[in-house]
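Count the sequence shown with this note's numbering and you get residues 19 to 81, in order. Cβ atoms here follow ideal geometry from the backbone N, Cα and C, with glycine treated the same way. Just so you know, these numbers come straight off a predicted model, no measurement behind them. Written out below as structure tokens is the structure these notes cover.
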Amino acid sequence: PTLVLHFALKVSKLRILCFESFATGYSALRALATGYSALRAFDKSILIKEEMLFQEILLGMEL
Numbered sequence: 019p020t021l022v023l024h025f026a027l028k029v030s031k032l033r034i035l036c037f038e039s040f041a042t043g044y045s046a047l048r049a050l051a052t053g054y055s056a057l058r059a060f061d062k063s064i065l066i067k068e069e070m071l072f073q074e075i076l077l078g079m080e081l
């Protein structure tokens with residue numbers, strides 16, 4: 019019986035470890051996704067500013 023108990027304990031410890039590493043990996047992925055979307059938003063704002071600048075230059079040429 020003690021051997022079975024010991025084995026069950028080991029399995030549950032392994033399960034907990036697997037779950038913890040999975041949770042860590044998941045939160046790391048979430049952080050990566052957040053960083054990526056922040057970069058995309060930053061990129062978009064730069065593109066919008068460039069577009070506005072371009073429009074101003076075109077307007078200046080027309081005048």
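A straight line joining the alpha-carbon of Leu27 with that of Leu65 spans about 56 Å.
Looking at the backbone, the Cα of Ile34 and that of Leu21 are separated by about 20 Å. DSSP, read as helix, strand or coil, puts Leu77 in helix.
Between the alpha carbons of His24 and Leu32 lies a gap of roughly 12 Å.
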